[in-house]
Structure formats: structure tokens, C-alpha cells
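See structure below.
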Amino acid sequence: MQAMRDFLPFQMERWQSTYENVVDYNLSESGVHPLTLGELLALAGTRADDLALGYGQSNGSMALRQNIARLYTGASSDNVCVTNGSAEANFIALWTLADPGSEIAVVTPTYMQTPGLAHAMGANVREILLREELGWQPDARDVTHAVTGDTRLIIVTNPGNPTGTVLSAASRHALLSAAARAGAWILADEVYAGAEIDDVAPTRSFWGEYPRVVATGSLSKAYGLPGLRIGWIIAQPELTERLWARKDYTTISPGELSDALAALALDPAVRPRILERTRERLRHGWHIMEGWLREQGCFHWQRPDAGAICFARYDLPIDSRELAERLRVEQSVLIVPGAHFQREGFVRLGFGLPPSQLRAALARVSELLEGLLARTA
Ligand SMILES: Cc1ncc(COP(=O)(O)O)c(C=O)c1O
Numbered sequence: 242m243q244a245m246r247d248f249l250p251f252q253m254e255r256w257q258s259t260y261e262n263v264v265d266y267n268l269s270e271s272g273v274h275p276l277t278l279g280e281l282l283a284l285a286g287t288r289a290d291d292l293a294l295g296y297g298q299s300n301g302s303m304a305l306r307q308n309i310a311r312l313y314t315g316a317s318s319d320n321v322c323v324t325n326g327s328a329e330a331n332f333i334a335l336w337t338l339a340d341p342g343s344e345i346a347v348v349t350p351t352y353m354q355t356p357g358l359a360h361a362m363g364a365n366v367r368e369i370l371l372r373e374e375l376g377w378q379p380d381a382r383d384v385t386h387a388v389t390g391d392t393r394l395i396i397v398t399n400p401g402n403p404t405g406t407v408l409s410a411a412s413r414h415a416l417l418s419a420a421a422r423a424g425a426w427i428l429a430d431e432v433y434a435g436a437e438i439d440d441v442a443p444t445r446s447f448w449g450e451y452p453r454v455v456a457t458g459s460l461s462k463a464y465g466l467p468g469l470r471i472g473w474i475i476a477q478p479e480l481t482e483r484l485w486a487r488k489d490y491t492t493i494s495p496g497e498l499s500d501a502l503a504a505l506a507l508d509p510a511v512r513p514r515i516l517e518r519t520r521e522r523l524r525h526g527w528h529i530m531e532g533w534l535r536e537q538g539c540f541h542w543q544r545p546d547a548g549a550i551c552f553a554r555y556d557l558p559i560d561s562r563e564l565a566e567r568l569r570v571e572q573s574v575l576i577v578p579g580a581h582f583q584r585e586g587f588v589r590l591g592f593g594l595p596p597s598q599l600r601a602a603l604a605r606v607s608e609l610l611e612g613l614l615a616r617t618a
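Quick note: to get my numbering, add 241 to the position in the sequence shown (first position is 1).
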């Protein structure tokens, strides 16, 4: 067996897992404030007391796979492998597709799990930059440059993290045509689809646009259910089988309770109610966040399309790690420094908290900013 190459720590996840449960206010989260179990069962109008807590079906129960398949044009339960969060979905996909020495192109800035894993698995990673000046879209020339005849896989997160931006039709076209030219796979991490802020249709999946697409998704963002740890992969049945074979080595099966609750959440009668709750919170949260950003006078930002995140550039004489550390220590507020996405001078601010908590958290951030701005005046 090939040994895994040197390993890049996943800085943002470690920062969050160390501090998110000990600070007063967590603005590092990218989804909306989670549902309680009681809220979910009430929305579904059911109870779960008679559920036997055995090992579940390893690739996800039939009910859950069918409900997931409904979200993807032309998909059936045979196209679905249920995983523990999209984190496991991305892991299995990369373990299967990122061979040592292979060329992989990653659209960045992004959730650093995918490039970090591709690197650890021995692949050579090239970046396709999302450009702030292009509204966080790639320049088509960069796509052509990064994807060569040797490219095995293109990784794209859409809607984006940390940008919250949905790719334009032209950007999708550039990525799809580059993939087709190279015969490359596309791994589309679509975990923020369904968490659009405006009243628009969920972001279109890459699934169905090109034969070699693997799409991943989960209940963590659009559904406010990250604690269920339910994610999935959609792929052609032959690949789904290969992915499932890898999953036998990782977590055996999704938790039985989570599988049952996920099947409820994605039931066609329940899902729209959960998505409406998410959208209502995103709208409200963004309204508060945008007003606050304006008042500060030191931020430049683009309105996110989806997710409870804003990637803001700031004019302050402090690097992003130090800013985040001072907010944590002095104000007990957790944000994500741009450095965790290899973008210095930015911060990722979450706005998924309930309104009163969000306002209180932002007031604390203002306190620190006022001190910093006074120093520069
Ligand atoms: C783009 C993206 N992909 C995957 C994940 C992993 O999420 P989960 O495993 O909860 O589905 C996250 C979490 O923040 C994310 O932002």
C-alpha cells in the first residue's frame, strides 16, 4: 500500500473544534443555528421512540437514499451512498479518485479539506483562483491554464465557502468544458445548495451536466442539522459501488438514529418547511450583518448568495490570525481568519446565530475594532 504523504493540518477545523464550544459567541459557523430534535420531530409531525438502534444499512437506508435521489435529476437510490457528513463523502471520493502523482485542479479559496486531502493522498494540486475583482468567479484563462491533458480531477465547491458565491453560468461552462477536454472527473462539493439567501431555486447541481461528476452534499448547512452527521455522494452506480467499498473501511454505516431522522427531514412534505426556516434565518441574519458591516467603515464585501457566511476584506493594521485571536481572547467571539483560506487581510464572519445573539456578538467585535481604528486614526 502506498503511504500517505506529509499531512497539512486542517487549520480552520482545528481552530473551530478547539474553541467553538467554549467562546460566548461563535461567528465561525457557516450554517444557520441548528434545529432541536423536538423542532424536527414537530415539523415532521412524528415521534421516533420505537426505532431500533442497531447497525444501519451501510450505504444508507432505502428511504433515505430515495429521498436524497429526488434532489438530483435522473438519480435513483443506486446513485447514492450515504456518509457521515459530506466530510466523509469528500474523503471517500478523494481516496477513490486522487491517485498518488495525479494532477488535481482545485477552485480556491475553498473549504480546505479537499485540497488538504488531495495533497495527503499524493496528488499534485493546482489552484484555479476565484477572483475578488470578478465577483469571486474564476477567470476562464486560469481554468484553461490549470486543467491540462493530465488532470484527473477538478474540485469545486458551489456555492462557495468562504465566499458564499454561486458560480455563474460562464464559470460552470469553463469548468465543464475543461473537464471534458481533459477527460477529468469533477468533484462538486454542493453542501451549501439549498441555503440560498434569496427566494430562488436551489443552486443547480453539477450532477447530470457531464458523465464524470461526483456530487457531495449534506444536511449540515441548508437543513440546520449538522449534528446528525449525514452527508452523501451522488455518482454513477459503478462508481457508487467503489465508493461504498471504501466506506466499509471508514465508518461502516451512518448512525441509525441519524439515518431515520435524515429520512424524515428530506421527506417531500417536511423538507420545504426546514428550508423555509433556514432561508428566513439567513435573510434576517444577513440584514443584521450587512448593516453592521456598513457601520464599521473598514470592510469591503460582496453579498453572499448562499450560506451564513460573508468573506470580508478589512482595512486594519493587523493580520487575520492576530485579529481572530484577539477577538477570541479579549471578546470571547470566534471568527475564521482569512489565513485559514490562504487569504490574508480577510475574515469569514458567520451570521447564522439567532438575531439577539448575533447583535451581541457583533457589538463585541465592534469594541475591538474601535480600539484598532483609534490607533490608526
Ligand atoms: C464546503 C464544505 N464541505 C464540506 C463540509 C463538511 O460538512 P459536513 O461534514 O458537516 O457535511 C463543510 C463544513 O463546513 C463545508 O463548508
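Note that beta-carbon positions come from the ideal geometry of N, C-alpha and C, so glycine has one too.
beta-carbon residue i near ligand 1 non-hydrogen atom, thresh 7 angstroms
i, result
"Thr200", "The structure shown does not extend to residue 200, since the chain is modelled only from 242 to 618, so the question has no answer here."
"Ala328", "yes"
"Gly449", "no"
"Asn402", "yes"
"Ser435", "Per the sequence presented here, residue 435 reads as Gly, with Ser not at that position. Gly435 Cβ: outside cutoff for every heavy atom of ligand 1."
"Gly579", "no"
"Asn300", "no"
"Val202", "Nothing can be reported for residue 202: it is not among the residues displayed for the chain, which extend from 242 to 618."
"Asp271", "It should be pointed out that residue 271 corresponds to Ser in this sequence rather than to Asp. Under cutoff, so the answer is yes."
"Tyr352", "yes"
"Pro467", "yes"
"Gly472", "yes"
"Ser461", "yes"
"Asn331", "yes"
Where residue i falls, given that 16 or more other Cβ within 10 Å makes a residue buried
i, result
"Thr355", "buried"
"Asn262", "exposed"
"Phe248", "exposed"
"Gly625", "Since the first residue shown for the chain is 242 and the last is 618, residue 625 is missing from the structure and cannot be characterised."
"Val441", "exposed"
"Pro478", "exposed"
"Arg288", "exposed"
"Arg589", "buried"
"Glu280", "exposed"
"Met303", "exposed"
"His386", "exposed"
"Arg522", "buried"
"Ala436", "buried"
"Pro250", "exposed"
"Arg616", "exposed"
"Asp265", "exposed"
"Thr619", "What is shown of the chain runs 242 to 618, which leaves residue 619 out entirely."
"Asp508", "buried"
"His581", "buried"
"Arg544", "exposed"
"Glu344", "buried"
"His274", "buried"
"Arg372", "exposed"
"Arg524", "exposed"
"Thr277", "exposed"
Heavy atom of ligand 2 within 7 angstroms of residue i beta-carbon
i, result
"Ser573", "Only ligand 1 can be found as ligands here, which leaves ligand 2 out of the picture."
Stretch-stretch touch, CB-based, cutoff 8 angstroms, three pairs: the stretch 314-323 with the stretch 355-370 = no
Are the stretch 424-432 and the stretch 389-405 touching by the rule of at least three beta carbon pairs closer than 8 angstroms?
-> yes
Contact between the stretch 559-577 and the stretch 446-461 (3+ Cβ pairs under 8 angstroms) = Touching, no, given that fewer than three Cβ pairs across the two stretches are closer than 8 angstroms.
When the Cβ atoms of the stretch 443-454 are set against those of the stretch 246-260, are three or more pairs found closer than 8 angstroms?
-> no
Give a yes or no on contact between the stretch 397-412 and the stretch 547-554, applying the rule of three or more CB pairs nearer than 8 angstroms.
-> yes
Do the stretch 523-533 and the stretch 328-339 meet, that is, are 3 or more Cβ pairs less than 8 angstroms apart?
-> no
Does the stretch 493-504 touch the stretch 288-305, meaning 3 or more C-beta pairs lie closer than 8 angstroms?
-> yes
Kindly provide the ranges of any beta strand (DSSP E) runs that are 3 or more residues long and lie completely inside the stretch 347-410, ordered along the chain.
-> Residue ranges of uninterrupted beta strand (DSSP E) with 3 or more members, entirely inside the stretch 347-410 and ordered along the chain, are 365-372, 392-398.
Could you tell me which uninterrupted alpha helix (DSSP H) segments, each at least 4 residues in length, are contained entirely in the stretch 278-360, listed from first to last along the chain?
-> 278-285, 303-310, 326-338
Is it a yes or a no for the stretch 342-361 touching the stretch 509-523, going by three-plus beta-carbon pairs under 8 angstroms?
-> no
Meets three-Cβ-pair contact criterion under 8 angstroms: the stretch 405-424 and the stretch 374-384 | yes
Alpha helix (DSSP H) segments (min. 4 residues) lying fully within the stretch 480-538 | 497-506, 512-537
Complete runs of the alpha helix (DSSP H) confined to the stretch 533-599 [at least 4 residues] | 561-572
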